[in-house]
Each structure stands twice: as C-alpha cells, then as structure tokens.
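Q:
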Amino acid sequence: MALFSWIASVDSDALLDALAEPLQQLGLVIDPHVSSASQVLACDRPNCGLPMAQRVTVLASWNCSRSREAQLEVRSSEPQLRAGTRCQQIAERLQAANPGSAQIGSKS
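Numbering (numbering that gives the first Met the number 0), first residue to last: 0 to 107.
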C-alpha cells in the first residue's frame with residue numbers, strides 16, 4: 000500500500016471548505032456521508048476507469064484546529080516501493096496546492 004501523510008496549515012476553520020476545490024481539481028469526489036467541517040474523505044469516482052490498485056483515497060482531519068493544522072493522508076493499493084505511483088502524484092499535487100504543508104512520515 001502506498002501512503003503519504005503530512006501536516007498542512009489551513010486558511011479556514013472548516014476543512015471541507017478549504018479542501019473542496021483542490022480535491023475536485025484532482026478529479027476526486029468528496030464523500031458527503033462521512034465528510035464534515037472537521038474531517039474530509041475523498042476518493043476517485045467509481046466509474047473513473049482506473050485499475051483498482053491505482054484508485055486513491057484522501058483523508059484529512061484536524062491535527063490541531065486552534066492552530067489550523069490538518070493531517071492529510073493519500074493512500075492507494077499500489078506497491079509501496081514503486082516510485083511515481085498515482086498515489087505519489089496526487090499527494091505531490093495536493094501539497095503543491097497548499098504551500099503551507101510540511102511533509103511528514105511519507106512512504107511510497
């Protein structure tokens with residue numbers, strides 16, 4: 000399993016508001032049944048045409064809501080040691096969309 004995890008500064012009191020646009024630009028769909036102002040779950044569309052192993056899931060939750068720090072995780076079923084996975088590409092693009100992020104505990 001490929002996994003990228005990092006802490007990001009968020010310019011909003013609601014994670015859903017802060018992440019909705021970047022996630023949609025990446026082609027990911029936010030799950031409205033699970034997501035709220037304090038946590039966000041997004042994944043590829045079921046009919047996206049990608050192999051199951053390349054489909055990513057993004058989970059974001061507050062690390063410290065007072066200081067507006069959120070933990071973001073991007074994961075897929077791709078091999079952990081393969082470079083250039085879709086998981087890695089989505090994580091890098093999501094980090095680039097939020098320059099206040101500092102990557103921690105990254106695995107690919």
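Even for Gly, the Cβ is constructed at its ideal location relative to N, Cα and C.
Throw me the rounded Cβ distance for the Leu108 and Leu93 pair, which I believe falls under 8 angstroms.
A: The question about residue 108 has no answer here: the residues shown for the chain are numbered 0 through 107.
Q: Would you kindly work out how many angstroms separate the C-alpha atoms of Thr56 and Arg81, rounded to a whole number?
A: Residue numbering aside, residue 56 sits at position 57 when the sequence shown is read from its first letter. Residue numbering aside, residue 81 sits at position 82 when the sequence shown is read from its first letter. Taking the straight line joining both Cα atoms gives about 18 angstroms.
Q: Could you work out which residue in Gly26, Gln53, Gln88 is closest to Ala41 when comparing CA atoms only?
A: If you number the sequence shown from 1, residue 41 lands on position 42. For the residues Gly26, Gln53, Gln88, the minimum Cα distance to Ala41 belongs to Gly26.
Q: My guess is that Ala69 and Leu15 are in contact by the Cβ rule of under 8 angstroms, so how many angstroms apart are they, rounded?
A: Walking along the sequence shown from the start, residue 69 turns up at place 70. Walking along the sequence shown from the start, residue 15 turns up at place 16. Between Leu15 and Ala69 the Cβ distance is about 11 angstroms, and since that is not below 8 angstroms, they are no contact.
Q: Give me, in chain order, the residues of the same chain whose beta-carbon lies closer than 7 angstroms to that of Val73; leave out the 5 immediate sequence neighbours on both sides.
A: Along the sequence shown, one-based indexing puts residue 73 at 74. The answer, listed in chain order, is Phe3, Val55, Val57, Cys86, Ile89, Ala90, Leu93.
Q: Between Thr84 and the rest of its own chain, which residues show a CB-CB distance below 7 angstroms, the 5 nearest in sequence each way excluded?
A: As a first step, residue 84 must be located in the sequence shown, where it is residue number 85. For Thr84, where only same-chain residues beyond five positions count, the Cβ hits under 7 angstroms are Ala1, Ser75, Glu77, Ser107.
Q: Where does Ala95 land, buried or exposed, given buried means 16+ other C-beta within 10 angstroms?
A: Counting from 1 along the sequence shown, the entry for residue 95 is found at position 96. Ala95 should be labelled exposed.
Q: Please give the ranges of any beta strand (DSSP E) in the region 65-94, keeping only runs that are unbroken, at least 3 residues long and fully inside the region.
A: Correct list: 68-75.
Q: Just the C-alpha distance for Arg44 and Ala52, rounded to the nearest angstrom, thanks.
A: Here residue 44 refers to the residue found at position 45 when the sequence shown is read from its first residue. Here residue 52 refers to the residue found at position 53 when the sequence shown is read from its first residue. Their backbone Cα atoms lie some 14 angstroms apart in a straight line.
Q: Tell me which same chain residues have a C-beta within less than 7 angstroms of the C-beta of Leu18, skipping the five on either side of it?
A: The residue labelled residue 18 in the question sits at position 19 within the sequence shown. Within the same chain, Leu18 has close Cβ partners Val39, Ala59.
Q: I'd like to confirm the pairing. Which residues does DSSP put opposite Cys42 in its beta bridges?
A: Translated into positions along the sequence shown, residue 42 becomes position 43. Its beta-bridge partners are Val28, Thr56.
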